[in-house]
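Trainee: Quick one: the structure is below, questions incoming.
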Amino acid sequence: MNILAKTAATAVALALGAASASAEGKLVIYHWFEYIPQELLDKFTAETGIEVTMDTYDSNEAMLASLKAGGMGTYDVAVPGDYMVSIMIGEGMLDEIGDGELKNKGNIAPEWADPSFDPGWRHSIPYQWGSTSFMVDTAVYDGDIDTTDILFNPPAELSGKINMLDSQGEVLAMAALHLGIPQCSSDREQLKALNDMLQNAKTHWASFNSDTAKEVLVSGDAAVGQIYDGFGAKARAERGSLKYAFPTQGYVAWMDNVVLLNDAPNRDSAIAFMDFLLMPENIAAVSNYARYGSGLSGVGEFLDPELASLPESNPPDTAGPAVFIEVCDEATQAVYDQIWTNVKK
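Here my numbering is used: position 110 in the sequence shown is 110, and no number is missing along the way.
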């Protein structure tokens with residue numbers, strides 16, 4: 001073997017060794033779009049040597065469907081909302097985090113210490129929390145916006161100019177608040193009223209979009225848009241006539257969480273990433289980027305000062321209750337799934 005051949009063989013061996021080492025230091029994330037700063041992922045890689053790959057989705061339901069369609073075993077962690085964590089636990093999709101695996105678990109704020117959707121945080125950690133309501137362009141409509149009528153029985157100025165989130169949970173929860181009925185009702189009359197109301201309301205809607213919910217408001221393509229409060233703050237920064245509503249009937253509250261998926265191909269990397277996000281400085285970087293609250297103590301010193309005074313994060317005294325999306329029993333959920341299918345036809 002000549003020197004050139006030896007050099008080539010050595011290079012191949014080194015490349016194979018590097019590839020093997022790299023394969024052991026990977027993390028594959030399934031995440032909401034526009035919800036984590038790239039700089040934070042770069043920091044994680046710099047500190048750990050773990051290479052991060054990320055795919056995105058635009059609703060809890062889309063994430064669940066994708067995982068069920070073959071995504072399990074592909075991703076290490078995902079970021080579902082509170083109610084979806086309950087569903088995923090019930091369907092055996094989440095791994096259990098062992099005692100002591102997360103060194104920074106003590107940073108979780110006391111008020112979030114034992115959530116109903118994952119008691120004791122056995123499968124997940126808190127990520128961000130906030131609300132879902134809607135924004136109105138006050139240059140188009142200057143009347144009262146703090147009512148769910150804006151979405152479901154809008155004035156003429158707004159009819160045909162409304163974008164709804166493409167999210168069954170958020171739309172149906174807000175619709176239940178509008179009618180003053182339980183989210184998981186099994187009453188036939190209430191369910192009929194819900195279906196009929198939504199069939200009428202959708203004649204006033206222009207679109208269902210989650211991934212462009214902010215953009216259609218900023219561009220003026222929509223005068224009303226269902227939206228998350230953090231995206232609402234970003235939208236208002238670009239179009240000052242937009243205002244976030246806090247309906248007297250109520251609005252949706254949520255907490256997104258990082259979950260450890262069953263069959264995670266890089267479980268150790270997933271645990272390292274979750275522990276990284278349990279450090280106040282790191283999760284504060286997410287809040288500063290996304291404009292939401294975190295579930296940790298000790299983040300205040302790392303937050304942008306203006307976050308505390310954002311109108312999208314401070315409901316007035318007239319606001320109705322903030323409600324979390326509920327998980328229905330299987331039979332009731334099947335009815336709601338059909339109602340949603342009817343809405344999307």
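For every residue, glycine included, the Cβ atom is placed at its ideal position computed from N, Cα and C. Keep in mind it's a predicted model, so treat the numbers as computed, not measured.
How many angstroms separate the CA atom of P115 from the CA atom of A156?
Mentor: So the two alpha carbons sit approximately 42 Å from each other.
Trainee: If you follow the beta strand (DSSP E) that W121 is part of, which residue opens it and which one closes it?
Mentor: Neither: W121 is in no beta strand (DSSP E) and is coded neither H nor E.
Trainee: Let me know the secondary structure DSSP gives D256 once reduced to three states.
Mentor: Residue state, collapsed to three classes: strand.
Trainee: Going along the chain, which unbroken runs of the alpha helix (DSSP H) with 4 or more residues stay wholly within the segment 26-61?
Mentor: Within the segment 26-61, the complete alpha helix (DSSP H) runs of at least 4 residues are 38-48.
Trainee: Per DSSP, what kind of secondary structure is V216 in: helix, strand or coil?
Mentor: Helix.
Trainee: N314: buried (16+ other C-beta within 10 angstroms of its C-beta) or exposed?
Mentor: Per the 10 Å Cβ criterion, exposed.
Trainee: Does DSSP classify S66 as helix, strand or coil?
Mentor: Helix, per DSSP.
Trainee: Measuring alpha carbon to alpha carbon, tell me which residue in K103, E61, G298, K202 is nearest Q333.
Mentor: It is E61.
Trainee: Under the assumption that P247 contacts D317 (Cβ atoms under 8 Å), give the Cβ distance between them as a whole number of angstroms.
Mentor: Not a contact, Cβ separation roughly 13 Å.
Trainee: Might you give, ordered along the chain, the residues of its own chain that have their beta carbon closer than 7 Å to the beta carbon of F302, omitting 5 neighbours on each side?
Mentor: So the qualifying residues of the chain are P280, E281, A284.
Trainee: Assuming contact is defined by CB atoms lying nearer than 8 Å, are Q183 and V286 in contact in what I supplied?
Mentor: Their beta carbons are not under 8 Å apart, which means Q183 does not touch V286 by this criterion.
Trainee: Straight-line CA distance for G49 to S86?
Mentor: Answer to the nearest angstrom: the Cα atoms are 32 Å apart.
Trainee: Closer than 7 Å by C-beta to T179: which residues in its own chain qualify, once you throw out the five before and the five after it? Chain order, please.
Mentor: For the record, residue 179 in the displayed sequence is Leu; it is not Thr. Cβ neighbours of L179 beyond the five flanking positions: A193, L194, M197.
Trainee: Are P321 and G232 close, meaning C-beta to C-beta below 8 Å?
Mentor: No. Outside cutoff.
Trainee: Quick one: any contact between the segment 221-230 and the segment 99-111, if contact means 3 or more CB pairs under 8 Å?
Mentor: Verdict: no, contact absent.
Trainee: Span of the alpha helix (DSSP H) holding Y289?
Mentor: Residues 280-290.
Trainee: My understanding is that F82 touches M255, with C-beta atoms under 8 Å, so please give their C-beta distance in whole angstroms.
Mentor: In the sequence as presented, Phe is not what sits at residue 82; that position holds Asp. Indeed they touch by this definition, with Cβ atoms about 5 Å apart.
Trainee: Could you check how far apart the C-beta atoms of N288 and M72 are, in whole angstroms? I think they sit under 8 Å.
Mentor: Not quite, the Cβ-Cβ distance comes to about 32 Å (not below 8 Å), so this is no contact.
Trainee: In terms of DSSP beta bridges, what is L242 paired with?
Mentor: For L242, which the question treats as bridged, DSSP gives the partners D137.
Trainee: Does the beta-carbon of E170 have 16 or more other beta-carbons within 10 angstroms, so that it is buried, or is it exposed?
Mentor: Buried.
Trainee: Alpha carbon to alpha carbon, what distance is there between L278 and K345?
Mentor: If I take the Cα positions, the gap works out to 42 Å.
Trainee: Could you say which of D211, L172, S66 lies nearest to N342 if we only look at CA atoms?
Mentor: When only C-alpha atoms are compared, the closest one is L172.
Trainee: Run through DSSP, which three-state label would T332 get?
Mentor: Reduced to three states, the DSSP call for T332 is helix.
Trainee: If you reduce the DSSP assignment to three classes, tell me which class I271 lands in.
Mentor: Three-state DSSP puts I271 in a helix.
Trainee: I'd like to know whether the C-beta atoms of G160 and H204 end up nearer to each other than 8 Å.
Mentor: For G160 and H204, yes; Cβs fall inside 8 Å.
Trainee: Does DSSP classify Y228 as helix, strand or coil?
Mentor: Three-state result, Y228: strand.
Trainee: Could you have a look at S207 and say whether DSSP puts it in helix, strand or coil?
Mentor: Strand.
Trainee: Identify whether N163 lies in helix, strand or coil by the three-state DSSP scheme.
Mentor: Looking at N163 - three-state DSSP - the assignment turns out to be strand.
Trainee: Tell me the residue span of the beta strand (DSSP E) that contains A322.
Mentor: Run containing A322: 322-324, per the beta strand (DSSP E) assignment.
Trainee: Among T132, S297, Y292, S207, which has the Cα closest to the Cα of A253?
Mentor: Nearest of T132, S297, Y292, S207 to A253, Cα basis: T132.
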